[in-house]
Amino acid sequence: MTMNAITALAHRPPSDLSISPLSAFSLSPAQTAAHNQIARILSASPAVTLLGTPGSGRTTILRRLAQDLGASYVSVKDFLVAASAGHPLAFEDGFMAVVVAAFAATPVVVIDDFEYLAVVTNRNMVRGAYLRLAVKRAFDMAVAESGRRLVVTAQPPGEGGYPPVFDVLADRSPIVTLTKFCAVDYSAILANTMGTERVATLDVLAIYRYASGLNGYQLRLVAALLAAQPAPTTEGVIELIARDVLHSNARTAEIEEISFDRLPGAEHMVEALETNIVLPLENRVLAQRLGLKPKRGVLLYGPPGTGKTTIGRALAHRMKGKFFMIDGSFISEPPAAFFEKVKAVVHDAKENAPSVLFIDDADVLFRIDHISGLVRYLLSLLDGLESETASNVCVMMTAMNARHVPEALLRSGRVELWLETRLPNAANRAKILALYAGTEMPSSEFINYPDLAEATDGFTPADLRRIAGDAKALYGYDVALQRPTRYATQYLQQAVANIIADRKRMADTLDDDGERNKKDGKYPVNTESCGWN
Amino acid sequence: MMEMTLTPTQAASRAALLDALQNGPLALLRADPGAGKTTVLHQLAAELKATRLDASHWLSAFGELVQPQHCEDAVCGAILAALSDTGTDTLIVEDLDYIPRGNFLHRTDYIDLVAKLATEIGRSHPGKRLVLSTNRLHDLELITSRARVVEMASVTAADYAAVFTNLLGAEVTTAIDAKLVHHYASRLNGHQLRLACRLMLQTADEANPIGTARLIACLKAWVLHDNTRLHEVEPLRFDQLPGSEAIAGALETQVVIPMQNQALGLKPKRGVLLYGPPGSGKTSIGRALAHRLQGKFFLIDGTFMAQPSGQFFTKIQKTMADAIANAPSVVFIDDADVLFQEPLLAGLTRYLLSMLDGLESETQVCVMLTAMDVRHVPDALMRSGRVELWLETPLPDAATRARILVQHAGDLLPGAKAIDAAALAALTGELTPADLRRIAADAHALYGYHLAKNSAPLSAQAYFERAIENLRISRRRMHEVLEAVVMV
Chain D
43 MTMNAITALA HRPPSDLSIS PLSAFSLSPA QTAAHNQIAR ILSASPAVTL
93 LGTPGSGRTT ILRRLAQDLG ASYVSVKDFL VAASAGHPLA FEDGFMAVVV
143 AAFAATPVVV IDDFEYLAVV TNRNMVRGAY LRLAVKRAFD MAVAESGRRL
193 VVTAQPPGEG GYPPVFDVLA DRSPIVTLTK FCAVDYSAIL ANTMGTERVA
243 TLDVLAIYRY ASGLNGYQLR LVAALLAAQP APTTEGVIEL IARDVLHSNA
293 RTAEIEEISF DRLPGAEHMV EALETNIVLP LENRVLAQRL GLKPKRGVLL
343 YGPPGTGKTT IGRALAHRMK GKFFMIDGSF ISEPPAAFFE KVKAVVHDAK
393 ENAPSVLFID DADVLFRIDH ISGLVRYLLS LLDGLESETA SNVCVMMTAM
443 NARHVPEALL RSGRVELWLE TRLPNAANRA KILALYAGTE MPSSEFINYP
493 DLAEATDGFT PADLRRIAGD AKALYGYDVA LQRPTRYATQ YLQQAVANII
543 ADRKRMADTL DDDGERNKKD GKYPVNTESC GWN
Chain R
141 MMEMTLTPTQ AASRAALLDA LQNGPLALLR ADPGAGKTTV LHQLAAELKA
191 TRLDASHWLS AFGELVQPQH CEDAVCGAIL AALSDTGTDT LIVEDLDYIP
241 RGNFLHRTDY IDLVAKLATE IGRSHPGKRL VLSTNRLHDL ELITSRARVV
291 EMASVTAADY AAVFTNLLGA EVTTAIDAKL VHHYASRLNG HQLRLACRLM
341 LQTADEANPI GTARLIACLK AWVLHDNTRL HEVEPLRFDQ LPGSEAIAGA
391 LETQVVIPMQ NQALGLKPKR GVLLYGPPGS GKTSIGRALA HRLQGKFFLI
441 DGTFMAQPSG QFFTKIQKTM ADAIANAPSV VFIDDADVLF QEPLLAGLTR
491 YLLSMLDGLE SETQVCVMLT AMDVRHVPDA LMRSGRVELW LETPLPDAAT
541 RARILVQHAG DLLPGAKAID AAALAALTGE LTPADLRRIA ADAHALYGYH
591 LAKNSAPLSA QAYFERAIEN LRISRRRMHE VLEAVVMV
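If you read the sequences in order, they're chains D and R.
Residue numbers for the first sequence follow the numbering used here, beginning at 43 and rising by one.
Residue numbers for the second sequence follow the numbering used here, beginning at 141 and rising by one.
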């Protein structure tokens, strides 16, 4: 950029000097607190940095400040306009020119969206650290004349800490961080769009308890969606949030729809889950009155096929928008990529707390070497000193072999509910077969379930489901070939015989290692209650 | 700023620079941001009638460039032009570390040529002197190997006193005990001191007059920052932790009071070990301490683990550096035994040992470790004598258990007020405070379940008993699983 270009820019005031009036738009309590803190600091410091996540209201606060102080408000738009006037490699000169112009126009300069600049220029190979110089200069300009002030806002740093350019400001001036919204902030932000009277008809505390991590954009979306409704109820708002606003990482459309009452033999477990997970999450009135929180940790353990993942599926549908999943698909090289994914999910689970974080096959996941830090990470996150939000996230793990779940995790006390999925007994085997066999096959009403249950001793619910499916396939085959059909019981018996033959072949092929986990060749059968209630 | 008198440390740097210039053409001043480099160099420039170049000069030189890639040339040109100026013998170049440098793709280390040039001014420009200043020496090897490097020493109480006099005038300064302020926060830079002083003047009123206490309050509220996000730390006070009285007392005496009551000249303990079974309240004590020591509490825990080991150490180093900068302060290493067992972190012990030793000299950083199993904290660390205070969080006795149960029982369950805590305490032998808290939560959950299902509610006592039984069943399960580990 030539001197002339800079001079030209310097005479052009920042585009947004004419800020739309904000008076109708009131700041929420959290925003007011940050605003007041900045105002106080600015009375004594030449500069201040405001950190806030997207949607926390940084721009709203900044525009309010700019209005109050008669400041120049500059944002990404101004940087882009300035940069486009110069050489493509001279992007930062555009920033400098904007700041120089802004200080020429007003003693107070407010810079929004700074993190975008930091990111764009971070990899500048040609003029490394040029932005540092520009920021240093901007700070020096603020110091140079009494009455000048520089306000910068950006997103809080990620795990890697601040980009180096922030140090320039952090070494010299205070940083104000916007805190998370509380229920009162929800009220204020909703009221901005909906009006105070309509918000007053809602139980905002209940909404906040249901979804405590909504940001300003999401709240405005809620308000906009409600605009069409004449008299929204609290329940309706919560439903709307679950349907249209919250997003879990579990794609429920991809998960088989299954409900708790389709889990014969797991009634005791369902009851434990209802008491400890579902009730605190769903019955907001009771949860609020009694201060109920979901259990912090649940371990579902038992042999393969006994229904651990099925329970997870049922929960995923029940807890729509509140169910977050970590499974084998997360594993990747390098470890950093894995942790990025885990952190993102955990972050979302916290944002949507109270919520469920479901770690499928935890025994396998935790034994993978290159991500061995996972256990420590989870433990600190969930139980560490800074776990106030995370204490509302229920971590549910499944394991075939509970012995392979790291001891540190089990001993920590985090796992509060131990639920063992066992092989179904004869009565439950009959119920499960009946559930899946259905009524399509001939003489379904006369199926001899007691005998079938007898023949399927040691079978898992998954096996039984497969038997029902196989029997239907056999029946369908006969129908398709227009052969005479047999009775339902016969198809089922044949399916059982097939599966037993399959198993035998498999056992003959593999060595006996696979059987090691069984005691006396059999898994324990469910004969007693699980101990809850 | 220019009329300010130099602090003793700044004056010493000025003298060292003058001395360096007596003996050679090139001197380099290194100090942290806010230490007063510019103040020192302004004074030097006035005395030696020197020319000054700084960040603003680079930027205006860049403005003349047609090709932005040429920014090193602009810096070179500005320095050469100033050196050729016959009017001055001494050139002062500030903000050396802010000069943008081309990266590896483009004229690698071109700026080093400038450095080389600078080092040869003795020959190329006889009689000329060059003074440089920078925040960090990183990447300046070409210069540091040839220049006399003057490192500004760390600030002392006397420097604080001088800054206060500059900012507040001699009269107001008499109300402030610089030694106490320095004891409370020993590494404040000029920007921070200025901010604190201004805030003190603004916020002082009759109840909180200008003085040491007000100044420290301003530092605490506005200036000092630890790495702990207090809003994520459950608000706890020591008096809400029945059974922790002895530990709280020891921590108050050995850590908190020495940190906060500067007048006594006490030093906090260097190393504190907090050990006890899971759930016995180690982390709760940490939480209470974090709130107690707001702004002075630095946390290292397992969340540091979720990154490659290289970054892990960078993060620990940064935390340690921040703790030192805010000394006296506490570094709280939660679940240290677990962290030390992590094979990727084998270097952690060595690192901590050297940190603790380094801290011995003058910095007042207390390193506090929590551990479930002391045997997993490396011997070297335990035996070194660096852990000076051993505090055990024991399992609560029956009376303490009863107190904890009453505290958590609340008044929502039917008959909660009439609960027989002693009888429940008898049922909860060996259980931890965390267990008891959980039992109370479970009792509420059971009651809630009955309400939701419209079943007849039981008494608070009965809910507690069932919750205890449920916990026992869970524990039995856990032991079955864990004992199986031994059998395999």
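Backbone N, C-alpha and C fix where the C-beta goes; we use that ideal spot for every residue, glycine too.
Computed from a prediction, not measured in an experiment: that's the story for all the values here.
Please go through the same chain and pick out, in chain order, the residues whose beta-carbon is closer than 6 Å to the beta-carbon of L414(R), but skip the five residues on each side of it.
K422, T510, L531
Please report whether the beta-carbon of Y228(D) lies at a distance below 8 Å from any beta-carbon of chain R.
no
Below 9 Å between beta carbons is the criterion; list the residues of the region 577–589 of chain R that meet it against any residue of chain D, in chain order.
R578, A581, D582, H584, A585, L586, Y587, G588, Y589
Please confirm whether H129(D) has its beta-carbon closer than 8 Å to some beta-carbon of chain R.
yes
Answer yes or no: does any C-beta atom of chain R fall closer than 8 Å to that of Q197(D)?
no
List the residues of chain R that L357(D) touches, going by C-beta distances under 8 Å, in chain order.
Going along chain R, no residue has its Cβ under 8 Å from L357(D), so there is no contact; the nearest lies around 17 Å.
Can you give the Cα-Cα distance for L69(D) and T102(D), rounded to whole angstroms?
8 Å
Would you decide whether T275(D) is buried or exposed? Buried here means 16 or more other CB atoms lie within 10 Å of its CB.
exposed
L168(R) and V289(R) look like a contact to me (Cβ under 8 Å); what is the Cβ gap, rounded to whole Å?
5 Å
Is S65(D) close to chain R, meaning its C-beta is less than 8 Å from at least one C-beta of that chain?
Residue placement at S65(D) cannot be trusted, given a pLDDT of 48 that sits under 50; what the coordinates show is reported in the next sentence. Not one chain R Cβ lies under 8 Å of S65(D).
Does the distance from the C-beta atom of F408(D) to that of V447(D) stay below 8 Å?
yes
Please classify L193(R): does DSSP put it in a helix, a strand, or coil?
strand
Chain-ordered chain D contacts of G426(R) [CB-CB under 8 Å]
L427
Proximity below 8 Å, CB of M138(D) to CB of R179(D):
yes
Hey, could you find the ends of the beta strand (DSSP E) C506(R) is sitting in?
505–511
Buried/exposed call for K409(R), threshold 16 Cβ in 10 Å
buried
Chain R contact residues for K335(D), given Cβ-Cβ distances below 8 Å
A581
Determine the closest residue to G550(R) out of T572(R), E620(R), A583(R), A325(R), with distance taken between C-alpha atoms.
A583(R)
For T533(R) and L439(R), which I take to be in contact (beta-carbon distance under 8 Å), what is that distance rounded to the nearest angstrom?
Not a contact, Cβ separation roughly 18 Å.
Could you name the residues that DSSP lists as bridge partners for H367(D)?
Per the sequence shown, the amino acid found at residue 367(D) is Met instead of His. Answer is F400(D).
Would you identify the three-state DSSP class for T49(D), choosing helix, strand or coil?
In this prediction, T49(D) has a pLDDT of 43, which is less than 50 and means its spatial position is unreliable; nothing more can be read from the coordinates.
Whole angstroms is fine: what's the gap from Q109(D)'s alpha carbon to V118(D)'s?
18 Å
Could you check if M548(D) is buried or exposed, using at least 16 other CB atoms within 10 Å of its CB as the buried criterion?
exposed
Coil, strand or helix - F408(D) by DSSP
coil
Rounded to the nearest angstrom, what separates M439(D) and R471(D) at their Cα positions?
25 Å
Please list, in chain order, all residues of the same chain as I232(R) whose beta carbon is under 6 Å from its beta carbon, the five residues on each side excluded.
L181, A185, A190, R192, V271
Answer with buried or exposed for L552(D), where buried requires no fewer than 16 other C-beta atoms within 10 angstroms of its C-beta.
exposed
Within 7 Å of chain D by C-beta, residues of the region 376–406 of chain R in sequence order:
none
Neighbourhood of V193(D) by C-beta distance below 6 Å, restricted to the same chain and skipping five residues each side
V90, V152
Which bits of chain D does S294(R) rub up against, with CB to CB less than 7 Å?
In chain order: nothing, as chain D lies at least about 15 Å away.
Please classify V447(D): does DSSP put it in a helix, a strand, or coil?
coil
From the beta carbon of I410(D), is the nearest beta carbon of chain R less than 8 Å away?
no
Can you pull out the residues from the region 290–316 of chain R whose beta carbon lies closer than 7 Å to at least one beta carbon of chain D?
none
At 8 Å on the CB atoms, spell out the chain R contacts of N325(D), in chain order.
G588, A592
Mind listing the chain R neighbours of R190(D)? Cutoff is C-beta to C-beta under 8 Å, in chain order.
Simply none; closest approach about 14 Å.
Interface partners of A195(R) on chain D, CB under 7 Å:
L175, K178, R179, D182
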